[in-house]
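Quick note on our numbering: the sequence shown kicks off at 647 and runs consecutively. C-beta: ideal position from N, C-alpha, C; glycine also.
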Amino acid sequence: ENSLLREHLLSSELLHPEAFADIVTADKTMHALFQYIEAVSTTPQPILITGETGAGKELIARSIHDVSKRRGKYVPVNIAGLDDNVFSDTLFGHVRGAFTGADKKRDGLIEQAAGGTLFLDEIGDLNASSQVKLLRLLQEREYFPLGSDTPRRTDARIIVATNRDLQKMQKEGEFREDLYFRLRSHLIRLPPLRERLDDLPLLVDHFLTRAAEGLGRKKPTVTAELFQLLSTYPFPGNVRELEAMIFNAVSTHTSGTLDLASFKQIIAEAAADSDFEPLPPR
Numbered sequence: 647e648n649s650l651l652r653e654h655l656l657s658s659e660l661l662h663p664e665a666f667a668d669i670v671t672a673d674k675t676m677h678a679l680f681q682y683i684e685a686v687s688t689t690p691q692p693i694l695i696t697g698e699t700g701a702g703k704e705l706i707a708r709s710i711h712d713v714s715k716r717r718g719k720y721v722p723v724n725i726a727g728l729d730d731n732v733f734s735d736t737l738f739g740h741v742r743g744a745f746t747g748a749d750k751k752r753d754g755l756i757e758q759a760a761g762g763t764l765f766l767d768e769i770g771d772l773n774a775s776s777q778v779k780l781l782r783l784l785q786e787r788e789y790f791p792l793g794s795d796t797p798r799r800t801d802a803r804i805i806v807a808t809n810r811d812l813q814k815m816q817k818e819g820e821f822r823e824d825l826y827f828r829l830r831s832h833l834i835r836l837p838p839l840r841e842r843l844d845d846l847p848l849l850v851d852h853f854l855t856r857a858a859e860g861l862g863r864k865k866p867t868v869t870a871e872l873f874q875l876l877s878t879y880p881f882p883g884n885v886r887e888l889e890a891m892i893f894n895a896v897s898t899h900t901s902g903t904l905d906l907a908s909f910k911q912i913i914a915e916a917a918a919d920s921d922f923e924p925l926p927p928r
């Protein structure tokens with residue numbers, strides 16, 4: 647019944663529901679977000695996705711690419727921890743002789759994303775030197791491979807994502823103001839799981855099916871107590887955390903009904919943290 651409701655909502659409100667098939671939701675806010683994605687999907691301007699860890703930012707980026715019907719590839723890269731040289735080599739590639747060991751030319755990911763989408767995750771971790779290069783890429787639509795003084799053009803569309811507050815970072819001088827405003831031409835804020843708890847039955851059922859198939863087990867049933875328990879938990883790790891909880895529970899369960907012990911243990915451990923704030927009863 648839940649899956650039929652979700653399918654009805656998707657197909658009745660969206661032009662390209664198939665692009666969002668991997669995002670399990672019947673939430674009105676999420677569907678409004680999907681409609682916004684359809685409206686901006688063909689823009690050549692960058693798109694900024696913000697949201698907490700585990701909320702599904704990469705799924706949203708992939709959906710934007712799928713809706714856009716761009717002819718090129720979708721190329722994702724996590725840039726957290728990349729210094730300027732590694733960032734430049736990863737994105738822009740290098741020419742032969744650019745550095746010791748560069749015995750042949752190598753194209754960067756921006757070349758692989760020609761005509762498509764380059765998705766840069768964890769953009770808030772980008773160092774200052776790399777921010778300058780990304781700004782040039784967005785403004786001029788061109789870049790320099792390492793070791794080359796000849797610019798190359800690109801038509802790849804850029805999508806970026808972060809779990810950090812870029813607005814605060816740029817005000818405090820930790821992120822370039824001009825780059826911030828260039829990136830947020832189109833801003834998508836992905837809500838955390840605690841703001842769409844009505845999706846819990848859909849998500850639990852989805853992950854139960856995946857866990858049972860992946861572990862070669864019969865899909866267990868669940869009780870109403872599970873949803874009462876989960877509805878008070880704030881899910882700091884969001885959908886990704888729920889998935890891990892379900893897989894852990896399915897891997898250890900021994901009866902037809904899913905045991906709640908592992909869920910209670912996780913929530914009890916979280917409650918022991920002084921920063922833990924349970925959600926109010928629904």
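query	result
Cα-Cα separation between L846 and L875, rounded to whole angstroms	11 Å
Alpha-carbon to alpha-carbon, V885 and L836	12 Å
T808 burial status per 10 Å Cβ neighbour count (16 or more: buried)	buried
With 16 other Cβ atoms within 10 Å as the buried cut-off, status of G754	buried
Nearest candidate by alpha-carbon position, reference F821, set F790, S775 and Y789	S775
Residue burial classification, L925 (beta-carbon count within 10 angstroms, cutoff 16)	exposed
Complete beta strand (DSSP E) runs within the stretch 677–740 (minimum length 3 residues, chain order)	693–696 and 720–724
Cα-Cα separation between A748 and D771, rounded to whole angstroms	27 Å
Residue-level contact to chain D via CB, A774, 8 Å cutoff	Here chain D cannot be found, since the structure has a single protein chain.
Closest residue to S687 among S714, I669 and K750 (Cα-Cα distance)	S714
Integer Cβ distance of T796 from R787, believed to fall under 8 Å	About 15 Å separates the two Cβ atoms, so there is no contact after all.
Bounding residues of the beta strand (DSSP E) (the contiguous stretch that carries H832)	H832 to R835
Bounding residues of the beta strand (DSSP E) (the contiguous stretch that carries I669)	Counting along the chain, I669 falls outside any beta strand (DSSP E), and DSSP gives it neither H nor E.
Nearest-angstrom Cβ-Cβ length linking L705 and E684, presumed shorter than 8 Å	Going by Cβ atoms, the distance from L705 to E684 rounds to 15 Å, so no, they are not a contact pair.
Extent of the continuous alpha helix (DSSP H) run through A870	A870 to L876
Touching by the beta-carbon criterion (3+ pairs, under 8 Å), the stretch 888–898 and the stretch 858–869	yes
Per-residue burial, F738 [other beta carbons within 10 Å of its own, 16 or more giving buried]	buried
A914 burial status per 10 Å Cβ neighbour count (16 or more: buried)	exposed
Cβ-Cβ distance between I912 and V850 below 8 Å	no
Contacting residues, own chain, Cβ-Cβ under 6 Å from V721 (five flanking each side not counted)	L755, Q758, A759 and L764
Cβ separation of G793 and V741, assumed to be a contact under 8 Å, to the nearest whole Å	4 Å
Beta-carbon contacts of K751 that lie in its chain and below 6 Å, excluding the five residues immediately before and after	V741 and R742
Nearest to H852 (by Cα), restricted to the options D668, E664 and I725	D668
Rounded straight-line distance, which links the Cα of N773 to that of E647	Low confidence applies here, because E647 scores a pLDDT of 46, under 50, leaving its location unreliable; read the following figure in that light. Answer to the nearest angstrom: the Cα atoms are 48 Å apart.
Opening and closing residue of the beta strand (DSSP E) in which L766 lies	T763 to D767
Close Cβ partners of L854 (< 8 Å) along its chain, the five nearest in sequence each way excluded	K865, P866, V868, I892, V896 and L904
Cα-Cα separation, S709 to P882	24 Å
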